[in-house]
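Counting from 10, one number per residue, gives the positions in the sequence shown under my numbering.
Virtual Cβ for every residue (Gly too), placed ideally from N, Cα, C.
Bear in mind that the values here come from a model prediction, so they are computed numbers and not experimental data.
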Amino acid sequence: MLVTPRKHTWQFLILLALCSSPAASEDISANLCDRERSRAARAVLRQHVLPMTAKANHQLTEQCPFHRLRDTYGMQDAARHKHRGIQWKCGFCDKIFRTEAFLDQHMDKNHQHEKHPSADVCLADLCEMLHCDHFVQGHGSSFKSFQQRTAPCRPKLKGQLKHHCQDVADVCFPIADGREATLMHEYFVEHFCEAHTCNRKEQLARLETVAQLGSEHRVWGYRILVGLLLLFMVLLYAGIWAYMQYYTGQTRSDLQTVSKASAWSKITRKTKAY
């Protein structure tokens, strides 16, 4: 006689109901988002896209997947802090961890709901479109980069990536918004979207141009910082010199007053003696 496993059937139905709930779906989708690849994509945006956006004086809207409020792990990664050089500290609960990986596990377990209400974009999904494996060393990208160099190029996949990249450019830098958005649209399409090609030489040329523009921006930032530091030092030394001049002048004046007073007292004493 065949016995129906009702107990297991009920367990399966309960599990199915839990997984189909919105909260459970959100947790599953969050756990499927790769933190390391998200950091790599965020690094590319901060080094090669957002500085150019600021230079062009263009403001990203929340419709753009690059907007910081839509970053799934943006708030959590901002709460990660180095502690005493080799340890990591959670900014939400101040717990200390020996490695970054342990802190990531802690975030997944205890703080996965710490995010902005608009955070619905997994930046890891944009990593291939942003050429993370070319720009970012580490973040789990070295092996993927090796695979890309050795694997045969698939024109259909490159075409899909280029099309997706152009759609993102239309959303983030709509030409209808004016000259600033148009400049960014041209920059992003020319250097990121058109780099999705099987022509390796053309791809490297476009991406190296992006890297050079990013390094020039950082160099100018360093120059401004050094200039401000030198200006501060000049003002500091000028203030010290002015103070010393004033203090020395006051001391000399006091000494002259004292010497005159003592000389006058000597003359007075001699006059009284006669």
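query: Between the C-alpha atoms of Leu216 and Ala185, what's the straight-line distance to the nearest angstrom?
result: 27 Å
query: From this set, Gln96, Asp117, Met116, which residue's C-alpha is nearest Arg107's C-alpha?
result: Gln96
Backbone CA spacing between Glu137 and His115 [nearest angstrom]: 27 Å
message: According to DSSP, is Asp117 part of a helix, a strand, or is it coil?
response: helix
message: Tell me which residue opens and which closes the beta strand (DSSP E) that Cys181 is part of.
response: No beta strand (DSSP E) holds Cys181; the alpha helix (DSSP H) holding it covers 164-181.
query: Within 10 angstroms of its Cβ, does Ser30 collect 16 or more other Cβ (buried), or is it exposed?
result: Low per-residue confidence applies at Ser30: pLDDT is 47, beneath 50, and the placement is therefore not dependable, though the value from the model is reported in the following sentence. Its Cβ having fewer than 16 others within 10 Å, Ser30 is exposed.
- request: Please look up how many angstroms separate the CB atoms of Ala220 and Cys141, rounded, as I've assumed it's under 8 Å.
  value: The Cβ separation is near 13 Å, so there is no contact.
task: Would you kindly report the start and end of the unbroken beta strand (DSSP E) that includes Arg89?
output: 89-92
message: Please state the DSSP three-state secondary structure of Phe241.
response: helix
- prompt: Going by alpha carbons, who is nearest to Pro60 out of Ser47, Phe75, Arg46?
  reply: Phe75
- prompt: Which of helix, strand or coil does DSSP assign to Ile184?
  reply: helix
- prompt: Can you tell me whether DSSP reads Pro219 as helix, strand or coil?
  reply: Checking the sequence shown, residue 219 turns out to be Val, not Pro. Val219 falls in the helix class under three-state DSSP.
query: Would you call the CB atoms of Met193 and His57 closer than 9 Å?
result: no
- prompt: Between Cys73 and the rest of its own chain, which residues show a CB-CB distance below 7 Å, the 5 nearest in sequence each way excluded?
  reply: Val180, Cys181
task: Let me know if His172 comes out buried or exposed under the rule of 16 or more other beta-carbons within 10 Å of its beta-carbon.
output: exposed
Every unbroken alpha helix (DSSP H) within the stretch 51-135, with a cutoff of 4 residues, ordered by chain: 59-64, 83-87, 109-119
Chain-order list of residues whose beta-carbon lies under 7 Å from that of Gln175 (same chain, five-residue window excluded): Val198, Cys202
query: Should Ala110 be labelled buried (16 or more other beta-carbon atoms within 10 Å of its own) or exposed?
result: exposed
task: With His143 as the anchor, note down where its alpha helix (DSSP H) starts and where it stops.
output: 141-144
field: 9 Å Cβ cutoff met for Val145 and Ala88
entry: no
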